[in-house]
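Colleague: Numbering (the numbering used here), first residue to last: 6 to 196.
Once you've had a glance at the structure underneath, I'll fire off some questions.
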């Protein structure tokens, strides 16, 4: 039953998650944390972080991780692998289906005034959904859920933001951020 719920949740995310992975974050968080309680807000923040450092779209990475997490909690590693495959397939199925249908008509529709207007109207909605996802990660809904944002996080964010304005290589910024994260959060707990 839980695998069916997982499949339906990620199918819904795939169908209604317009604007890419970041816009899907609020939908994914609502399904995974709020609606089903499969994980906490801080665990969800970990998924976002892991999805950022692994190759591939954030929606697919999070679907795979959540599917494995939910499946393995329900019945061990084998069910975790099934859950990962099922959630990943479910989140990709709507896009695959829609793209197969749309590509048949794309050349005829791309010059259509109504289609162009709809696409222009969706841009601010996508930006709003990305902003909502960022705010939900910064200020969790459940006060008991520890936010992963602290003073060090803001300092690192500011440093990376300044680095992007100075046009520092993004790979260098990622490596430096990982090093700073290890030095700030991991080493003190080990030493």
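Cβ coordinates follow ideal geometry from the N, Cα and C atoms, glycine included.
Bear in mind that the values here come from a model prediction, so they are computed numbers and not experimental data.
Using C-beta distances below 6 Å, list every residue in its chain close to residue 79, excluding the 5 sequence neighbours before and after it, in chain order.
Modeller: Within the same chain, residue 79 has close Cβ partners 7.
Colleague: So, does the stretch 63–74 touch the stretch 89–97, judging by three or more C-beta pairs under 8 Å?
Modeller: At 8 Å Cβ cutoff, the stretches touch.
Colleague: Just to check my reading of the structure: residue 161 and residue 182 have Cβ atoms closer than 8 Å, yes? What is that Cβ distance to the nearest angstrom?
Modeller: Yes, residue 161 and residue 182 are in contact; Cβ-Cβ is about 6 Å, under 8 Å.
Colleague: Kindly indicate which residue of 35, 27, 196 and 129 has the alpha-carbon position closest to the one of residue 14.
Modeller: The shortest Cα separation from residue 14 among 35, 27, 196 and 129 belongs to 35.
Colleague: Using only the alpha-carbon positions, how far apart do residue 124 and residue 134 sit?
Modeller: Those two C-alpha atoms are separated by around 15 Å.
Colleague: Could you pull the start and end residues of the alpha helix (DSSP H) that residue 133 belongs to?
Modeller: Counting along the chain, the alpha helix (DSSP H) containing residue 133 begins and ends at 118–143.
Colleague: In three-state terms, what does DSSP make of residue 105?
Modeller: Of the three classes helix, strand and coil, the one that applies to residue 105 here is helix, per DSSP.
Colleague: Confirm, please, whether the CB-CB distance from residue 88 to residue 73 is below 8 Å.
Modeller: Yes, the Cβ-Cβ distance between residue 73 and residue 88 is below 8 Å.
Colleague: From what residue to what residue does the alpha helix (DSSP H) around residue 52 run?
Modeller: Taken as a continuous stretch (DSSP letters only), the alpha helix (DSSP H) holding residue 52 covers 46–58.
Colleague: Is DSSP giving residue 192 helix, strand or coil here?
Modeller: Reduced to three states, the DSSP call for residue 192 is helix.
Colleague: Between the Cα of residue 46 and the Cα atoms of 57, 61, 107 and 30, which residue gives the shortest distance?
Modeller: Measuring from the Cα of residue 46, the nearest candidate turns out to be 30.
Colleague: Taking residue 78 as part of the alpha helix (DSSP H), name the residues at either end of that continuous run.
Modeller: From DSSP, the alpha helix (DSSP H) with residue 78 extends over 63–80.
Colleague: Just checking: is the beta-carbon of residue 15 within a distance shorter than 8 Å of some beta-carbon in chain D?
Modeller: Of the protein chains in this structure there is only one, and it is not chain D.
Colleague: Using alpha carbons as the reference points, say which of 158, 37 and 56 lies closest to residue 189.
Modeller: Among 158, 37 and 56, the Cα nearest to that of residue 189 is on 158.
Colleague: Whole angstroms are fine: how far does the CA of residue 16 sit from the CA of residue 10?
Modeller: Going by the C-alpha atoms only, they are around 10 Å apart.
Colleague: In the DSSP assignment, find the unbroken alpha helix (DSSP H) run with residue 23 in it and report its ends.
Modeller: Looking at the DSSP string, residue 23 is not in any alpha helix (DSSP H), and its letter there is neither H nor E.
Colleague: Let's test the definition: count the other Cβ atoms within 10 Å of the Cβ of residue 49 and tell me whether it reaches 16, buried, or not, exposed.
Modeller: It is buried - the Cβ of residue 49 has at least 16 other Cβ atoms within 10 Å.
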